[in-house]
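In our numbering, the protein residues as written are 1230 to 1918.
For glycine and all other residues, C-beta sits at the position ideal for the given N, C-alpha and C.
Beneath this line is the structure, given in structure tokens, with notes to follow.
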């Protein structure tokens, strides 16, 4: 998550003033009649409101820009409709009939421009309303007056949502300590889910027409005719598979192909977790990072959310829903609901035994099996909510209720997935594999249901039944909340895995560089601490250094972020910084799994960064390449602790990478109550070679 925000902030900073132009252009295009359906403009604008809260953008300037772009887009739709719109309607047209245009004109005359206000928040109707106003020659003055009010309201809602939600999770972080991460996850999940549901709603009726066009192209191709002449038996088989109206036709072919593609993606993930070091590093680093960000205030809420994905609960609710659908003679939906969850849970348990990947160390809750790949919770939740949403959308009912059900269902899946990593039960790759498996199980069940039970279906409302299933799931989740493990792990009290008697024997086992979350080398290790860091931390704070909280990136400090780096696949246990107007020093300390005699072993990285660029309040830093100077400057800030230079830690060279640096190869050695052992070293007063 931090890497994603870092990328966004860095790109916006590199754009400078062009970032405003980009958002202006995106808002304008998103408002247009045809182009806007393919752009996630609402999601981007809500995120822009969040960036305004972080003071990356000025809220007043952004508000004026978004309002202007949206207003111009609506006026463009009006002009297109006024000059070209009426000619598109005719009595012989299949969809754009003149009678429809006359009905719209009567509605405008009857209700006036009040129709433009709700249309702004109805997705596909927003650009169409302005186009129809132009096509019906609605008075320009009245249109502009109503549109100013509607665009103001639309801009306030979209920018204000991101801005106010940012303020709410800032307040939660200050008073509850740790809710910011969960709120941020819910915020991102809500944005992505809203965009997904809106996109599915727009194109819900185009799948059949798309299949018809695909089938027509295949039938009209020369290869299809040659196949009929040369291989009549194979031709009859292909013809049945390409038939759109018959059973086991083109819809089934597409369903099987999609199932195979999802299974192939699952197989690639299963192969990668054993053969990709980058993926293994990302998985373990993600779990360790969330372990550090974990707070007691959110633990019970995370336990409740993860309980919603319990396999037994999902299967029970799915079977109850299937019984209800069967009694209403909606047998295809009954089969879809029961088969999707059963397939997902059954195959996930089978693949857990087959892949045999052990869970992360320090799992917070009691689990039934020691294997984690794939996540049964995510697989079952994906299959259940996809099947339930399809059941609600397949039959008549309230469009608003259907949208709400889809939003709640698809939004719950990523929340369940997040809690599985937060509670150290699964790795991120387990969740992705579970989603692939659950979606594949749903596609298989949907393909079977479409070809086995369709003639027996009755068109009776199912949306309220699905809402009842969701309520039953919530009630059941209160009674299936998992219990905590008997001995919760302590992040900062790890037992050493290996002990050494001499410093000379310890040095070859120490890491030389800290890494990013994806495993690439990031910054060099240039500090070795023997003993406890308490005295050093107090000494540094007296010298103007301040400790950065692990969750500081989710507050206003995102304008000058200190992103996590990983050693031993864990984020730093302590991060400190000292800033000036044009530069800063950053210190990271990691507790290792080693011990030298009776002394704990810590490694650290101190770097000096200068401001490369500043856009508004966002600072982009460049790491100074002189590593030895950064080390000496940091050592000079220590007053009560002696800093010593240990040569030969790495070869003297210029090192290339994401942050190039030059060093003579020394490392700073600090003994905090630990006697010298096994190797000679020189104090910093002797200088470097």
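Taking the straight line between their C-alpha atoms, what separation do you get for residue i and residue j?
i, j, result
"residue 1602", "residue 1608", "11 Å"
"residue 1502", "residue 1658", "8 Å"
"residue 1278", "residue 1292", "9 Å"
"residue 1899", "residue 1841", "32 Å"
"residue 1770", "residue 1288", "35 Å"
"residue 1253", "residue 1295", "6 Å"
"residue 1577", "residue 1605", "6 Å"
"residue 1656", "residue 1379", "45 Å"
"residue 1768", "residue 1759", "16 Å"
"residue 1178", "residue 1816", "The shown model of the chain, from 1230 to 1918, leaves out residue 1178, and the question about it has no answer."
"residue 1886", "residue 1853", "13 Å"
"residue 1895", "residue 1705", "60 Å"
"residue 1505", "residue 1775", "37 Å"
"residue 1180", "residue 1869", "In the structure as shown, the chain begins at 1230 and stops at 1918. Residue 1180 is therefore absent and cannot be evaluated."
"residue 1590", "residue 1258", "49 Å"
"residue 1381", "residue 1371", "16 Å"
"residue 1732", "residue 1527", "42 Å"
"residue 1247", "residue 1290", "14 Å"
Just to confirm my understanding: we take residue i, look at its own chain, exclude 5 residues before and 5 after, and list those with CB closer than 8 Å. What are they?
i, result
"residue 1927", "There is no way to answer for residue 1927, as the model of the chain reaches only from 1230 to 1918."
"residue 1600", "1581, 1582, 1584, 1585, 1586, 1587 and 1588"
"residue 1858", "1837"
"residue 1373", "1304"
"residue 1884", "1753, 1890, 1891 and 1892"
"residue 1634", "1617, 1618, 1621, 1692, 1695, 1696 and 1699"
"residue 1722", "For residue 1722, the predicted model reports a pLDDT of 47, less than 50, meaning its position is unreliable; a value from the coordinates is still stated below. Cβ within range, chain order: n/a, list empty."
"residue 1811", "1839 and 1840"
Is it true that the CB of residue j sits closer than 9 Å to the CB of residue i?
i, j, result
"residue 1274", "residue 1297", "no"
"residue 1727", "residue 1822", "yes"
"residue 1838", "residue 1851", "yes"
"residue 1641", "residue 1532", "no"
"residue 1707", "residue 1538", "no"
"residue 1901", "residue 1761", "yes"
"residue 1629", "residue 1696", "no"
"residue 1791", "residue 1777", "yes"
"residue 1804", "residue 1818", "yes"
"residue 1286", "residue 1249", "yes"
"residue 1483", "residue 1650", "no"
"residue 1892", "residue 1871", "no"
"residue 1620", "residue 1694", "yes"
"residue 1638", "residue 1614", "yes"
"residue 1856", "residue 1765", "no"
"residue 1574", "residue 1540", "yes"
"residue 1518", "residue 1800", "yes"
"residue 1625", "residue 1557", "no"
Who are the Cβ neighbours of residue i in its own chain at under 6 Å, not counting the five residues just before and after it?
i, result
"residue 1569", "1612, 1616, 1670, 1671 and 1674"
"residue 1912", "Low local confidence applies: a pLDDT of 42 at residue 1912 is under 50, so the model's placement there is unreliable, with the coordinate-based value given in what follows. Result list for residue 1912: 1873, in chain order."
"residue 1773", "1807"
"residue 1988", "Examination of residue 1988 is not possible in this model, given that the chain is present from 1230 through 1918 alone."
"residue 1507", "1747 and 1748"
"residue 1554", "1562 and 1563"
"residue 1813", "1806 and 1838"
"residue 1550", "1566 and 1698"
"residue 1881", "1893 and 1894"
"residue 1610", "1538, 1642 and 1645"
"residue 1743", "1751, 1752, 1794, 1796 and 1834"
Less than 7 Å between C-beta atoms, sequence neighbours within five positions excluded: which residues of the same chain meet that for residue i?
i, result
"residue 1366", "1311"
"residue 1682", "1560, 1561 and 1564"
"residue 1384", "1292, 1295, 1296 and 1299"
"residue 1789", "1848"
Given the structure, does residue i come close to the ligand GTP, in the sense that its CB is under 8 Å from one of the ligand's heavy atoms?
i, result
"residue 1519", "The ligand content of the structure shown is nil, which means the ligand GTP is not present either."
Whole alpha helix (DSSP H) runs in the stretch 1644-1723 with 4 or more residues, listed along the chain? 1657-1681 and 1692-1708
At a cut of 8 Å, does the stretch 1488-1495 reach the stretch 1663-1676 through at least three beta carbon pairs? yes
At a cut of 8 Å, does the stretch 1792-1807 reach the stretch 1743-1762 through at least three beta carbon pairs? yes
Segment contact flag, the stretch 1818-1838 with the stretch 1734-1743, C-beta cutoff 8 Å, min 3 pairs: yes
Does the stretch 1494-1511 come into contact with the stretch 1699-1707, if we say contact requires no fewer than three beta-carbon pairs (one atom in each stretch) closer than 8 Å? no
Return the chain-ordered ranges of every alpha helix (DSSP H) run that is complete within the stretch 1599-1645 and spans a minimum of 4 residues. 1605-1623
Write down every uninterrupted run of the alpha helix (DSSP H) in the stretch 1275-1311 whose length is 4 residues or greater and which is fully enclosed by it, in chain order. 1288-1309
Which ranges would you report for the beta strand (DSSP E) in the stretch 1526-1587 if only whole runs of at least 3 residues count? none
In chain order, what are the residue ranges of uninterrupted alpha helix (DSSP H) at least 4 long that sit wholly in the stretch 1763-1833? 1763-1771
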